[in-house]
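Okay, structure first, notes after.
There are 2 protein chains.
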Amino acid sequence: MRDPNGSSRMSDTKIRNMEEFAALVGISRPTVSKYFQDPESVRPSTRQRIEVALKRCDYRPNIFAVNQNRKLTKIVGIVVPYLADPFFAEIARQLERRCIDAGFRPALYSAHGQPDLEIDVLDGLRLLKPAGVLLAPLGRISHRPAIKQFCNEVPTVLFDSNMDGIGEAFVGSDNFSFVSQTVDYLTRTGEPPCFFEMKTPANPNANKRRIAYYKMMEQLGFEPNLYSIEGTGWAFEEIGRKGALDILDKGGFSTNTVLCSNDRLGIGLLSACYERGLRVGRDTGCDLRVASHDDHPFSRFTCPSLTTAAHDYDAVANHAFSTLTDLIEAGGKFDQRAEMLFTPKLVLRSSA
Amino acid sequence: MRDPNGSSRMSDTKIRNMEEFAALVGISRPTVSKYFQDPESVRPSTRQRIEVALKRCDYRPNIFAVNQNRKLTKIVGIVVPYLADPFFAEIARQLERRCIDAGFRPALYSAHGQPDLEIDVLDGLRLLKPAGVLLAPLGRISHRPAIKQFCNEVPTVLFDSNMDGIGEAFVGSDNFSFVSQTVDYLTRTGEPPCFFEMKTPANPNANKRRIAYYKMMEQLGFEPNLYSIEGTGWAFEEIGRKGALDILDKGGFSTNTVLCSNDRLGIGLLSACYERGLRVGRDTGCDLRVASHDDHPFSRFTCPSLTTAAHDYDAVANHAFSTLTDLIEAGGKFDQRAEMLFTPKLVLRSSA
DNA sequence: AGTTATAGTTTACGCGCGAAAATATTTTAC
DNA sequence: GTAAAATATTTTCGCGCGTAAACTATAACT
Chain B
1 MRDPNGSSRM SDTKIRNMEE FAALVGISRP TVSKYFQDPE SVRPSTRQRI EVALKRCDYR
61 PNIFAVNQNR KLTKIVGIVV PYLADPFFAE IARQLERRCI DAGFRPALYS AHGQPDLEID
121 VLDGLRLLKP AGVLLAPLGR ISHRPAIKQF CNEVPTVLFD SNMDGIGEAF VGSDNFSFVS
181 QTVDYLTRTG EPPCFFEMKT PANPNANKRR IAYYKMMEQL GFEPNLYSIE GTGWAFEEIG
241 RKGALDILDK GGFSTNTVLC SNDRLGIGLL SACYERGLRV GRDTGCDLRV ASHDDHPFSR
301 FTCPSLTTAA HDYDAVANHA FSTLTDLIEA GGKFDQRAEM LFTPKLVLRS SA
Chain Y
1001 MRDPNGSSRM SDTKIRNMEE FAALVGISRP TVSKYFQDPE SVRPSTRQRI EVALKRCDYR
1061 PNIFAVNQNR KLTKIVGIVV PYLADPFFAE IARQLERRCI DAGFRPALYS AHGQPDLEID
1121 VLDGLRLLKP AGVLLAPLGR ISHRPAIKQF CNEVPTVLFD SNMDGIGEAF VGSDNFSFVS
1181 QTVDYLTRTG EPPCFFEMKT PANPNANKRR IAYYKMMEQL GFEPNLYSIE GTGWAFEEIG
1241 RKGALDILDK GGFSTNTVLC SNDRLGIGLL SACYERGLRV GRDTGCDLRV ASHDDHPFSR
1301 FTCPSLTTAA HDYDAVANHA FSTLTDLIEA GGKFDQRAEM LFTPKLVLRS SA
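Line order of the protein sequences matches chains B and Y. Under this note's numbering, the first residue of the first sequence carries the number 1, and numbering increases by one thereafter. Under this note's numbering, the first residue of the second sequence carries the number 1001, and numbering increases by one thereafter.
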């Protein structure tokens, strides 16, 4: 039906399976099988013969047959809550690269912001018998028992959003440190900040950041001031914009400094400020200082560029992946649940 | 090794394969097989018996065994050039949803902006014997023969970037219409625009837009004016910002109206303008009007919000997917290569 | 009731490979 | 140079399922 005329190779030896390929090389199939599992595991002489033949007829093992018979595949699942969020797109990208470089086959999935789809994804992933899974759960709205069950069956490292007791390990950023750094900076350089957040955030990090804000303000002897805006879903910029317009049109913020729970909300806030003619920045003549958390990939291109605290993307991705490989080598279980929090870095730009 | 204690189900009937499940139901395995391929294909009475049993022991066919034996899998590959670009993330998201809803199993891949990785992805995808593939190629830098070979072997619908003669169909947006709409609008409402683009764009759409710009300007009797900036890779915002700063510091644009080849470049331009204190917008008192193409997901949150021409994401995703299903049903070949271009919509915001 | 048609079910076989056990080969030690 | 150990290779079996062909039960006609 498709491309019946032969491949581009010359000798037209159409290899259909490992048997035929082994016959062509002149050795038995299981030896070829061993070669594909680990080229080092066969004698150098036979290895060469295989590799020479490989150049002539580009045979590759049937991936389904391989995975059916292997007890553990080389598949690594990567699951994020929402792939259209550049933050997750970026970290997924980094994780994918590491999987490929380590000889794994990444399988990337998004929960599309929906708990039921998250379960579907995990259910589908389970069937793939993955060697391991890197999972950033939806968080608060995740179906906890289902996630837990999955983590019991498949070696899983959680990242970004922690769920206590679930998964063999968690790798993320230190939410307290995010906030302590921004609050510290803002209070040192101007008015203490109020805090701009969603009232019912899906992500548990948001709650930790609010708590950190309270703690820091208390510690520094300032009155905390919370602006919790309405909104659900993953259109954070629009939620932030709407919420901010609402606040601005009702008299504005109580201080000239606003700390946003995350950059996407901050981007929405900046948009609202611009619409209302407020000048944002730390220069004299500005009406408002705005800072935030995450270092979203576009934060440096907002107007003004957004002062924020940055995830150490690289460290998080590295450690999450190496933790997973450790977990896989340990047989899928750690003696104790491992948690690793990386310290964010304050990124001073022009919004605060 | 993992979770040795039984599942949550009651009767502890640990079904290991379809044989056991069929025995439990009391019918033969092939009938069960038929059921899973199409529940309608078995007698209602047996169907009910299967579904009753299914509730008690949540058996699901081994996906590898299924795919090994089926001539065509239910896998649909989705390949984009760069997943960390929100434009592709968004369209990939839409395509994924449609695949799932239609009972396919989407497999999402990014070429990470690299032609060699694009080939790797396609090579890996080929092994999955996908029913079909939705491919947005890297474009100009893609390894043409490899892409062509792949499309010959796997039913493939190209989207976003066309490559003539490759793939059975292409679905995208009409680049000429993008530009004709923006140029028309800009010239009607103010000075004719100069054109801001990358000198060596990876994406072929960029070339078509430049040509369209020339054509439109000529048609309207204005002198075209091109600003082609340096830069490679996928960090378009930064490329746009750097290029714009360069232009601004050397005396600025020749007109007060700039049309950007795409929104990401435009976001960089806006950032540069802000840095240099230029007021962008169509109001009196503004120094520059800026418009662009794509309607990038964040374009409405720039400061000022970006006037642009929007892809009809929905129509493109719908038609790309339905074209693929048509292609699959047609056996992988169309009599004639199908091309479909959707007309973008002008989105007036405040930047121009 | 006796064909024939039709849908449903079963028999029999094969897919392409991994893995343990059995056998052959090479290496090491003395 | 030979026996033991270490390493390679082959034999044999089985994984879980799709599918064509053979078969059987139900329905539809004369």
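The beta-carbon is built from N, C-alpha and C at its ideal position, and this holds for glycine as well.
Which residues in the same chain have their Cβ closer than 8 Å to the Cβ of residue i, if we skip the five residues on either side of it in sequence?
i              : result
residue 1094/Y : 1313, 1314 and 1317
residue 1024/Y : 1013, 1015, 1053 and 1057
residue 49/B   : 25, 26 and 27
residue 1165/Y : 1148 and 1337
residue 310/B  : 294, 295, 344, 345, 346 and 347
residue 1136/Y : 1079, 1080, 1081, 1088, 1091, 1158, 1159, 1160 and 1161
residue 1105/Y : 1073, 1074, 1075, 1076 and 1099
In angstroms with no decimal places, state the Cα-to-Cα distance between residue i and residue j.
i              : j              : result
residue 299/B  : residue 1208/Y : 30 Å
residue 206/B  : residue 1289/Y : 38 Å
residue 78/B   : residue 1091/Y : 19 Å
residue 1073/Y : residue 287/B  : 59 Å
residue 329/B  : residue 1335/Y : 52 Å
residue 232/B  : residue 200/B  : 7 Å
residue 297/B  : residue 157/B  : 24 Å
residue 1337/Y : residue 1031/Y : 39 Å
residue 211/B  : residue 1250/Y : 49 Å
residue 102/B  : residue 1222/Y : 56 Å
residue 88/B   : residue 96/B   : 12 Å
residue 1126/Y : residue 1017/Y : 27 Å
residue 265/B  : residue 65/B   : 47 Å
residue 1246/Y : residue 279/B  : 25 Å
residue 113/B  : residue 160/B  : 15 Å
residue 1229/Y : residue 1198/Y : 5 Å
residue 1075/Y : residue 107/B  : 13 Å
residue 59/B   : residue 1122/Y : 16 Å
residue 1319/Y : residue 151/B  : 38 Å
residue 1332/Y : residue 1070/Y : 16 Å
Here's a check: name, in chain order, each residue in its chain whose Cβ is nearer than 7 Å to the Cβ of residue i, leaving out the five neighbours to either side.
i              : result
residue 1110/Y : 1080, 1082 and 1083
residue 1162/Y : 1170, 1172 and 1204
residue 1046/Y : 1027 and 1031
Using a Cβ-Cβ cutoff of less than 6 Å, which residues in the same chain neighbour residue i once the five nearest sequence positions on both sides are dropped?
i              : result
residue 1350/Y : 1281, 1304 and 1305
residue 307/B  : 291, 348, 349, 351 and 352
residue 192/B  : 222
residue 1357/Y : The first residue shown for chain Y is 1001 and the last is 1352, placing residue 1357/Y beyond what the model contains.
residue 239/B  : 231
residue 1035/Y : 1042 and 1050
residue 1343/Y : 1174 and 1177
residue 1020/Y : none
residue 1129/Y : 1073
residue 1038/Y : none
Nearest chain Y C-beta to residue i closer than 8 Å, yes or no?
i             : result
residue 128/B : yes
residue 375/B : Outside the displayed range of chain B (1 to 352) lies residue 375/B, so it cannot be described from this structure.
residue 86/B  : yes
residue 140/B : no
residue 318/B : no
residue 268/B : yes
residue 68/B  : yes
residue 17/B  : no
residue 304/B : yes
If you follow the beta strand (DSSP E) that residue i is part of, which residue opens it and which one closes it?
i              : result
residue 73/B   : Per DSSP, residue 73/B belongs to no beta strand (DSSP E) and is neither H nor E.
residue 183/B  : Here residue 183/B belongs to no beta strand (DSSP E); instead the alpha helix (DSSP H) covers 175-189.
residue 1087/Y : Not the beta strand (DSSP E): residue 1087/Y falls in the alpha helix (DSSP H), residues 1086-1101.
residue 1111/Y : Taken as a continuous stretch (DSSP letters only), residue 1111/Y belongs to no beta strand (DSSP E), as it is neither H nor E.
residue 135/B  : 132-135
If you follow the alpha helix (DSSP H) that residue i is part of, which residue opens it and which one closes it?
i              : result
residue 1283/Y : Unbroken run through residue 1283/Y: none, as it is neither H nor E.
residue 1239/Y : 1236-1249
residue 1350/Y : No alpha helix (DSSP H) holds residue 1350/Y; DSSP gives it neither H nor E.
residue 1307/Y : Segment 1307-1310 is the beta strand (DSSP E) holding residue 1307/Y; no alpha helix (DSSP H) there.
Are any of the Cβ atoms in chain B nearer than 8 Å to that of residue i?
i              : result
residue 1036/Y : no
residue 1118/Y : no
residue 1236/Y : no
residue 1233/Y : no
residue 1227/Y : no
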